[in-house]
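In the working numbering, the protein residues as written are 2 to 298. Beta carbons are placed, not taken as given, at the ideal position from N, Cα and C, and that holds for glycine. Note sheet for the following structure.
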């Protein structure tokens, strides 16, 4: 019974992706990053329910995101593998078969238990900011980036957020990706918890300083110096960590002063379209600037 249902879902999903890819090729590309459109993507994700590994919400998210990326004109693969004994499903979006020089990443999974919640510590985390916000930024970039950018991949990582629970570690999806990676990007940018209305993105201490400064300077040039605070504050274990351990320059764009982290209050009303737009526009213009100077070396 289960195998039949999975087979039916995959067949329907494959037909849908082919249809949307053809439709996406005919649709005009939006002119600029739209924070309101990104916010609607946050709401869509939260409405699925917590995207905890193995849940129905997790499965529904996978179908939805692949369809959205295909409609935006991207090719999509799922990397399904084992990491620390757990099944992970990373979604990889690309527009060229060539290895990417730049990789943008965000985790999409929700934490199994809201262990920082004083009232409901066993409930799953809704994951509006911690999960959905980063996905929304990358998805809106997929819609709006011109086709002639620096070669890049968008990677949506599974199983980032369950460290500290028995049988789990942090960043399992990213670790699995790096373990199977056959290329070395010049830069990796991770986007995580970037939707807080009171957005304070400090420089993360473990991130590559040259890469971080380039992004923070771009933010300042756009008038986002209050959102991108040019001061180091935290040392964070996140999806950039496996890349740094592999010797690849990586930066973590994250607001770790979010008071609803790992609680049941991490809901869509805590996310601001203006914050999503500040991060998205910064990355859009930074990628554009990188693309103008890209040599392929």
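query                                                                                                                                                                   : result
Within its chain, find whatever has a CB closer than 8 Å to the CB of residue 124; leave out the 5 residues flanking it on each side and keep chain order.              : 114, 115, 118, 265
Sort 268, 290, 241 by Cα distance to residue 105 and report the nearest one.                                                                                            : 241
Flag this pair as touching only if the segment 199-209 and the segment 225-236 have three or more C-beta atom pairs under 8 Å; answer yes or no.                        : yes
How is residue 104 classed by DSSP in three states: helix, strand or coil?                                                                                              : strand
Taking the C-alpha atoms as reference points, what is the distance between residue 199 and residue 226?                                                                 : 13 Å
For residue 283, which of 251, 293, 219, 246 has the nearest alpha-carbon?                                                                                              : 219
Straight-line CA distance for residue 86 to residue 163?                                                                                                                : 13 Å
Going by DSSP, what residues sit across from residue 80 in a beta bridge?                                                                                               : 91
For the segment 207-278, list the alpha helix (DSSP H) runs that are entirely contained and at least 4 residues long, ordered along the chain.                          : 210-222, 242-246
If you measure between the beta carbons of residue 34 and residue 155, is that distance less than 8 Å?                                                                  : no
Taking a contact to mean a Cβ-Cβ separation below 8 Å, would you say residue 110 touches residue 61 in this structure?                                                  : no
For residue 90, which residues from the same chain have a beta carbon less than 6 Å from its beta carbon, with the 5 sequence-adjacent residues on both sides left out? : 79, 81, 159
Tell me which residue opens and which closes the alpha helix (DSSP H) that residue 203 is part of.                                                                      : Looking at the DSSP string, residue 203 is not in any alpha helix (DSSP H); the run it does join, the beta strand (DSSP E), is 202-204.
Mind checking whether residue 294 and residue 129 have CB atoms under 8 Å apart?                                                                                        : no
Closest by CA to residue 99, which one among 150, 290, 253?                                                                                                             : 150
Suppose contacts are defined by Cβ-Cβ distances below 8 Å. Is residue 103 in contact with residue 186 by that definition?                                               : yes
What residue from 56, 54, 69 has the CA that sits closest to residue 42's CA?                                                                                           : 69
Hey, how far is the Cα of residue 259 from the Cα of residue 134?                                                                                                       : 13 Å
Residue 49 to residue 56, Cα distance in whole Å?                                                                                                                       : 10 Å
Please report how far the alpha carbon of residue 146 lies from the alpha carbon of residue 46, in whole angstroms.                                                     : 22 Å
Does the distance from the CB of residue 1 to the CB of residue 248 come in under 8 Å?                                                                                  : Nothing can be reported for residue 1, as the shown portion of the chain is limited to 2 through 298.
Please report how far the alpha carbon of residue 107 lies from the alpha carbon of residue 167, in whole angstroms.                                                    : 24 Å
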